[in-house]
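Numbering-wise, my numbering comes out as the position in the sequence shown, counting from 1, plus 17. Structure first, commentary second.
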Amino acid sequence: MNDFNFGNYLCALRTESGLSQKELAAKLGVSDKAVSKWENGRSKPRNDALLTIATLFGISTDELITGGKRAPRTDSAIAHSPAMAKYVPDTKIDERTTNMNFIPSDSKPNFDYMCTWELQEVTAKKLGLASGDCCADQRDVLTDELLFANERYYHPYAREYRAGLYLLLDDGWDVPFGSRNRKDVKRLFGTCDPDPKKFPNYGNTPVERLETLNRKAKELGYAGIGLWIATETGGNETGDLGVGKEARDYWAERARWCESAGVRYWKIDWGAHEDPDYRRMMTEVLHENAPHILVEHAVCQGPYSRMGSVEFRTSRTERILPVSDVFRLYDVAPPFKDSSMLMRANEALTASVGMKPFDHTLGILNAETCASICAAFGCALGIMGGNTKDSSDAACLRWHRLAPPFSVYEADYKKSDELLNDSFFFDR
Numbered sequence: 018m019n020d021f022n023f024g025n026y027l028c029a030l031r032t033e034s035g036l037s038q039k040e041l042a043a044k045l046g047v048s049d050k051a052v053s054k055w056e057n058g059r060s061k062p063r064n065d066a067l068l069t070i071a072t073l074f075g076i077s078t079d080e081l082i083t084g085g086k087r088a089p090r091t092d093s094a095i096a097h098s099p100a101m102a103k104y105v106p107d108t109k110i111d112e113r114t115t116n117m118n119f120i121p122s123d124s125k126p127n128f129d130y131m132c133t134w135e136l137q138e139v140t141a142k143k144l145g146l147a148s149g150d151c152c153a154d155q156r157d158v159l160t161d162e163l164l165f166a167n168e169r170y171y172h173p174y175a176r177e178y179r180a181g182l183y184l185l186l187d188d189g190w191d192v193p194f195g196s197r198n199r200k201d202v203k204r205l206f207g208t209c210d211p212d213p214k215k216f217p218n219y220g221n222t223p224v225e226r227l228e229t230l231n232r233k234a235k236e237l238g239y240a241g242i243g244l245w246i247a248t249e250t251g252g253n254e255t256g257d258l259g260v261g262k263e264a265r266d267y268w269a270e271r272a273r274w275c276e277s278a279g280v281r282y283w284k285i286d287w288g289a290h291e292d293p294d295y296r297r298m299m300t301e302v303l304h305e306n307a308p309h310i311l312v313e314h315a316v317c318q319g320p321y322s323r324m325g326s327v328e329f330r331t332s333r334t335e336r337i338l339p340v341s342d343v344f345r346l347y348d349v350a351p352p353f354k355d356s357s358m359l360m361r362a363n364e365a366l367t368a369s370v371g372m373k374p375f376d377h378t379l380g381i382l383n384a385e386t387c388a389s390i391c392a393a394f395g396c397a398l399g400i401m402g403g404n405t406k407d408s409s410d411a412a413c414l415r416w417h418r419l420a421p422p423f424s425v426y427e428a429d430y431k432k433s434d435e436l437l438n439d440s441f442f443f444d445r
């Protein structure tokens, strides 16, 4: 900043406004000697005072510090993918405020979601329904009353954050009460129809019931509903229609239901078919019949990356990642949550080098609740428990307003050859 030009311009602004040096000093909370020194070019205001002065005279800080000469504007192109453009938030920054905030005030849906799974377990325990059969207990507390009658059980985050999240209903939304007592449990999964007893008065058809679910999620401030989907077909003797035309027709019908109802996310998890070929078929069917639904796949595995074969994970990743709009790095757990997630992210990113997407899939990684990894690696956030005592989830959601998750196909992956080790000491 040229102190002399600034001083002359400040003097001119003050004079035009009919202010004496003493009056200007009083408005700025400084001495009149300080104003005199600024105008004579012997010193300059602190940075925080510049904004106050600019606001007082109704000009920009750029105009103020250049002595009335507007700084030349330079346009810079921001690299982006056309596929991602609709997810990038619009940002408007007004510097003429004393509370500048460069983070957009509202979230927009990208690939983040609030999943009900861990909260289902917490809710079952709170209601005294825990019997030891974890999955069955958790399925029975996914109901209209507990989800939507109040916000006590499943909605830990404020509406400010919900606008950027899908409310993802996990295992249990489309199966009846008491699934643990059913011998024909294989016939329960994959119906894609909200259970009428859990969600009464939702309508007379699957589409009407799905529409009601989606509407109620939006009324609570979410971007919409997302659904947990088993890789098997319901309503038949084995839960298995294979991968032929019958299975394709089955999933095509359900994809059309969800597309019509406004559902925008399928979290495709375990089931009778977890293999890459079945998942490829499901992606193909969804893209044909429900082009607005994001398709998430995963390599189903244990919670620690040292469990199981690295070769198995790598081979599955190489075949499943290309057919995924979102590829979830799957169910990590303490005390090695972050190190396991880093290892899986590295495996997926390494596999992505030179990879070509199938049918224009997006290739977004989901690092679940590892918020720091989500922010640093450009991964989607899959909130499972909603621990509001840990502010990292909320911080990541705010970060995603500025820097949304991006595709593995958008940048080269380079890594160090150094291998890091994580350790945990158990108390005796």
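Ideal Cβ positions, reconstructed from N, Cα and C, are used throughout, including at glycine.
One or two residues paired with residue i in a DSSP bridge
i       : result
His-309 : None; His-309 has no bridge partner.
Gly-399 : Tyr-130
Tyr-282 : Gly-243 and Leu-311
Phe-344 : His-314 and Leu-382
Cβ-Cβ distance between residue i and residue j below 8 Å
i       : j       : result
Val-52  : Gln-38  : yes
Pro-126 : Gly-85  : no
Asp-294 : Val-260 : yes
Leu-205 : Phe-216 : no
Leu-338 : Gly-380 : yes
Met-401 : Ala-384 : no
Val-343 : Thr-300 : no
Glu-263 : Asn-306 : no
Leu-244 : Tyr-282 : yes
Leu-67  : Thr-83  : no
Gly-207 : Thr-250 : yes
Val-425 : Ser-356 : no
Coarse secondary structure for residue i, derived from DSSP in three states
i       : result
Ala-147 : coil
Val-52  : helix
Leu-366 : helix
Tyr-183 : strand
Ile-76  : coil
Glu-427 : coil
Lys-214 : coil
Thr-250 : coil
Gly-24  : helix
Met-298 : helix
Pro-374 : coil
Ser-356 : helix
Leu-41  : helix
Phe-206 : coil
Asp-410 : helix
Nearest-angstrom Cα separation, counted from residue j out to residue i
i       : j       : result
Phe-329 : Asp-292 : 12 Å
Pro-121 : Arg-418 : 6 Å
Arg-179 : Ser-124 : 8 Å
Arg-90  : Pro-308 : With a pLDDT of 40 at Arg-90, under the threshold of 50, the modelled position of this residue cannot be trusted, and the question is left open.
Asn-438 : Met-360 : 11 Å
His-26  : Ile-76  : Reading the sequence as shown, one finds Tyr at residue 26 and not His. Cα-Cα distance, rounded: 12 Å.
Cys-413 : Arg-445 : 36 Å
Gly-145 : Ser-332 : 43 Å
Cys-28  : Glu-56  : 6 Å
Asp-210 : Ala-420 : 35 Å
Val-302 : Arg-169 : 37 Å
Arg-31  : Leu-81  : 12 Å
Heavy atom of the ligand ATP within 7 Å of residue i beta-carbon
i      : result
Gly-24 : Questions concerning the ligand ATP fall outside what the structure shown contains, since it holds no ligand whatsoever.
Selected residue, minimal CA-CA separation from residue i, among the options
i       : options                               : result
Ser-13  : Leu-237, Asp-157, Trp-274 and Leu-346 : The structure shown does not extend to residue 13, since the chain is modelled only from 18 to 445, so the question has no answer here.
Thr-367 : Pro-421, Glu-270 and Asp-434          : Asp-434
Phe-194 : Gly-220, Asp-161, Arg-169 and Thr-222 : Asp-161
Asp-351 : Val-370, Ser-424, Ile-246 and Cys-387 : The amino acid at residue 351 is misidentified as Asp; the sequence shows Pro. Checked all of Val-370, Ser-424, Ile-246 and Cys-387; the closest Cα to Pro-351 is Cys-387.
Arg-415 : Ala-397, Leu-186, Glu-168 and Ser-424 : Ala-397
Tyr-239 : Phe-23, Pro-173, Gly-288 and Lys-284  : Pro-173
Leu-185 : Ala-43, Leu-311, Gly-24 and Glu-364   : Leu-311
Lys-432 : Ala-362, Gly-35 and Pro-223           : Ala-362
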